[in-house]
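Chains as they are written, first to last, in this note's numbering: chain A, 95 to 401; chain B, 95 to 401.
We put the CB at the ideal spot given by N, CA and C, even for glycine.
Reviewing the structure listed below.
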DNA sequence: GTCACTCTTGAAAGATATTTTCGCGCCGTC
DNA sequence: GACGGCGCGAAAATATCTTTCAAGAGTGAC
């Protein structure tokens, strides 16, 4: 039973087989993998071309594991089986070969000159954006957009760095005339979540997928019948059980100087922006005038004489 | 005998499996193919992606031939067997698809499918990052880093969308042991700015460079002798006259659906991240332990069972 | 410290896909 | 019209992939 649950879980989460977002997917799912599976995933992400040339047995031997483990890993990555993973791998290999070099930039070091820091950071964030976009499940995204566009009210939960993302989303939604509120106080969040019911929507933002202060209000909202959306980097985390719609953010490798919060924020913001644009499209009739109105309203706050 | 000859012939001629020149190879070898093989080759050249999804049996049925013929065709094209042809096909398909992608330079339209929205947004934000990184004055950045790293206390001003960026900066600086505060209330900001003096630092964040509510506290801080830093997209705006150091964010084109706030935020966050990393480098001795300490402190807030 | 439990793992059986073999039937030639 | 050669597909043989199952490792509770 537990096995069944887990399998269907991971399988449905990554419904469409990832085309080029494989490295990102490996990084995203690595924490939820067992040691042996991680070895396989690592090999696959590290040398797509080489692994594409191997059979299950070959890859199992290379990684010192068994065929069963290889197949399990393929499944976890969202493919029906090893055969399909292998095809995707071949595609990926062809892509990297034709495209520019993988360019694995070095970590940011303590003694990097400031110009290097700028370049590396910009590159890393670009990479994060590309990964997130590639790995984002557009079906789930579309569903989330529909839910939010039609919701009576929208509650948003996030703490720490994710709280800012939540506020960003709330600001945007308010600007196009939706009723949205970003909660940062966990207690108040729960208190408010109790008020939700069918027809309302709740959005939880947490990179770890296991932040109690965010899970709790989402659970309450879920139980009350509101439609729930989770934006998380760990689609297998505890929060997913209370999420009707799951939007996965991709995870970049982090270093000592560059905490995970930095790239997760970039990723989350992209998702939030996509939600916003999607909703603005659906509600264009009301969103467009609302946007220009809010623009107008701010005009007088800016000193007109820009020299 | 003759059969053997032909096989070894074509086999050795195309020794290295063709990478992307498959269509050409099909055309070249077509005359030497039998009718059935031509049908298979045609199908393969016409729809690589579709054929890559088929098994030998499937392709045989599709072309109205047999498995044996499909395998023979694969051999003729220079592959050891159908399996390898299929891998090459998958690679080819991926290549064509990625080649088609770069057509996302257009604006986001109201009727864009959600997948396009994601691609375009990601692309735009990547562009913004690249522009910002290229335009960022590293000398000014280095100076700002020095100021902040040495400041007794740091006040940060931002309203609207920029307020979130300011809070992000404050959160980060606090995590490495600096005394930073992000003000969102313009009145309180001014009230606090009055307290500043030489040795303190003030950071103002405004895209327009002319937001009165942000200019005012920065002016006060400037007059009181604090070192002032402005992060703005308009280096010629009124705010610059009160800024000791000016960090310019780049501005991407905006559209009706994509307000300026979106790309300016991306740009501002990159600058903030650069500041943070720069400061963390300078104060590594204290920053590193502080970072891991704050990491530790949060650990128990996460549900430990992530697997 | 030990026990019971769950989760991970690989060996081997089972299912599919691919390759090879083999012979039929079409086609041109004498 | 008969013979020889060749293309072709059915089916056997093989390789590859998938599933099952039980043993082992790790973990938490008492």
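Any non-hydrogen atom of the ligand GDP closer than 8 Å to residue i Cβ
{"i": "residue 305 of chain B", "result": "Inclusion of the ligand GDP in the displayed structure is not the case, the ligand content being empty and no account of it being possible."}
Rounded C-alpha distance that separates residue i from residue j
{"i": "residue 138 of chain A", "j": "residue 325 of chain B", "result": "42 Å"}
{"i": "residue 175 of chain B", "j": "residue 133 of chain A", "result": "29 Å"}
{"i": "residue 341 of chain B", "j": "residue 301 of chain B", "result": "11 Å"}
{"i": "residue 234 of chain B", "j": "residue 339 of chain B", "result": "6 Å"}
{"i": "residue 371 of chain A", "j": "residue 327 of chain A", "result": "21 Å"}
{"i": "residue 87 of chain B", "j": "residue 119 of chain A", "result": "Residue numbering for chain B in the displayed model covers 95 to 401; residue 87 of chain B lies beyond these limits and cannot be assessed."}
{"i": "residue 107 of chain A", "j": "residue 336 of chain A", "result": "Annotation note: pLDDT 39 at residue 107 of chain A (below 50); position unreliable, no value reported."}
{"i": "residue 263 of chain A", "j": "residue 276 of chain A", "result": "8 Å"}
{"i": "residue 180 of chain B", "j": "residue 180 of chain A", "result": "10 Å"}
{"i": "residue 249 of chain A", "j": "residue 214 of chain B", "result": "27 Å"}
{"i": "residue 269 of chain B", "j": "residue 355 of chain A", "result": "12 Å"}
{"i": "residue 227 of chain B", "j": "residue 380 of chain B", "result": "27 Å"}
{"i": "residue 279 of chain B", "j": "residue 254 of chain B", "result": "10 Å"}
{"i": "residue 305 of chain A", "j": "residue 230 of chain A", "result": "22 Å"}
{"i": "residue 329 of chain B", "j": "residue 242 of chain B", "result": "20 Å"}
{"i": "residue 195 of chain A", "j": "residue 187 of chain A", "result": "Annotation note: pLDDT 47 at residue 195 of chain A (below 50); position unreliable, coordinate value reported separately. Approximately 11 Å, taken between the alpha carbons."}
{"i": "residue 292 of chain A", "j": "residue 136 of chain A", "result": "43 Å"}
{"i": "residue 286 of chain B", "j": "residue 321 of chain B", "result": "15 Å"}
{"i": "residue 121 of chain A", "j": "residue 152 of chain B", "result": "34 Å"}
{"i": "residue 158 of chain B", "j": "residue 148 of chain B", "result": "14 Å"}
{"i": "residue 125 of chain A", "j": "residue 331 of chain A", "result": "10 Å"}
{"i": "residue 129 of chain B", "j": "residue 221 of chain B", "result": "51 Å"}
{"i": "residue 245 of chain A", "j": "residue 323 of chain A", "result": "12 Å"}
{"i": "residue 166 of chain B", "j": "residue 165 of chain A", "result": "29 Å"}
{"i": "residue 362 of chain B", "j": "residue 303 of chain B", "result": "13 Å"}
{"i": "residue 271 of chain B", "j": "residue 144 of chain A", "result": "46 Å"}
{"i": "residue 282 of chain B", "j": "residue 247 of chain B", "result": "16 Å"}
{"i": "residue 390 of chain A", "j": "residue 312 of chain A", "result": "35 Å"}
Inter-residue CB distance, residue i and residue j (contact presumed, cutoff 8 Å)
{"i": "residue 309 of chain A", "j": "residue 333 of chain A", "result": "5 Å"}
{"i": "residue 314 of chain A", "j": "residue 297 of chain A", "result": "At roughly 14 Å, the Cβ-Cβ gap does not stay under 8 Å, so residue 314 of chain A and residue 297 of chain A are not in contact."}
{"i": "residue 204 of chain B", "j": "residue 232 of chain A", "result": "Going by Cβ atoms, the distance from residue 204 of chain B to residue 232 of chain A rounds to 17 Å, so no, they are not a contact pair."}
{"i": "residue 376 of chain A", "j": "residue 259 of chain A", "result": "Wrong, their Cβ atoms sit about 21 Å apart, outside the cutoff."}
{"i": "residue 162 of chain B", "j": "residue 173 of chain B", "result": "Going by Cβ atoms, the distance from residue 162 of chain B to residue 173 of chain B rounds to 15 Å, so no, they are not a contact pair."}
{"i": "residue 170 of chain A", "j": "residue 131 of chain A", "result": "7 Å"}
Candidates the options, of which the one nearest residue i by Cα
{"i": "residue 168 of chain B", "options": "B/127, B/220, B/305", "result": "B/127"}
{"i": "residue 265 of chain A", "options": "A/150, A/366, A/311, A/130", "result": "A/366"}
{"i": "residue 384 of chain A", "options": "A/216, A/318, A/267", "result": "A/267"}
{"i": "residue 257 of chain B", "options": "B/140, B/369, B/378, B/358", "result": "B/358"}
{"i": "residue 294 of chain A", "options": "A/206, A/319, A/281", "result": "A/319"}
{"i": "residue 459 of chain A", "options": "A/386, A/253, A/369, A/388", "result": "Absent from the model: residue 459 of chain A. The displayed extent of chain A is 95 to 401, so no value can be given."}
{"i": "residue 189 of chain B", "options": "B/311, B/116, B/374", "result": "B/116"}
{"i": "residue 252 of chain B", "options": "B/244, B/261, B/222, B/246", "result": "B/261"}
{"i": "residue 223 of chain A", "options": "A/346, A/210, A/311, A/355", "result": "A/346"}
{"i": "residue 142 of chain A", "options": "A/164, A/184, A/255", "result": "A/184"}
{"i": "residue 216 of chain B", "options": "A/207, A/360, A/186", "result": "A/360"}
{"i": "residue 316 of chain B", "options": "B/329, B/330, B/290", "result": "B/290"}
{"i": "residue 219 of chain B", "options": "B/125, B/201, B/373", "result": "B/201"}
{"i": "residue 387 of chain B", "options": "A/163, A/353, A/390", "result": "A/353"}
{"i": "residue 178 of chain B", "options": "B/160, B/158, B/150, B/246", "result": "B/150"}
{"i": "residue 299 of chain B", "options": "B/271, B/282, B/281, B/343", "result": "B/343"}
{"i": "residue 378 of chain B", "options": "A/390, A/244, A/206", "result": "A/206"}
{"i": "residue 373 of chain A", "options": "B/123, B/208, B/144, B/140", "result": "B/208"}
{"i": "residue 364 of chain B", "options": "B/311, B/247, B/225", "result": "B/225"}
According to DSSP, residues forming a beta bridge with residue i
{"i": "residue 341 of chain B", "result": "B/325"}
{"i": "residue 295 of chain B", "result": "B/248, B/321"}
{"i": "residue 274 of chain B", "result": "B/248"}
{"i": "residue 377 of chain B", "result": "DSSP output for residue 377 of chain B lists no bridge partner at all."}
{"i": "residue 300 of chain A", "result": "A/326"}
- Chain-ordered residues of the region 360-378 of chain B with a beta carbon less than 7 Å from chain A: 364, 367, 368, 371, 372, 374, 375, 378
- Query: the region 139-166 of chain A: which residues have C-beta closer than 7 Å to a C-beta of chain B, in chain order?
  - Reply: 146
- Taking only beta carbons into account, state which residues of the region 302-333 of chain B come closer than 8 Å to chain A, listed in chain order. 302, 303, 304, 305, 306, 307, 309, 328, 330, 331, 332
- Residues of the region 254-280 of chain B whose Cβ lies closer than 9 Å to any Cβ of chain A, in chain order: 254, 255, 257, 258, 259, 261, 262, 265, 266, 269
- Message: By the 8 Å beta-carbon criterion, what residues does the region 280-299 of chain B contribute toward chain A?
- Response: none
- Item | Residues within the region 234-251 of chain A neighbouring chain B, beta-carbon criterion of under 9 Å | 235, 236, 239
- Task: Residues of the region 168-194 of chain A with a CB closer than 8 Å to any CB of chain B: list them in chain order, please.
- Result: 180, 181, 182, 184, 185, 186, 187, 188, 189, 191, 192, 193
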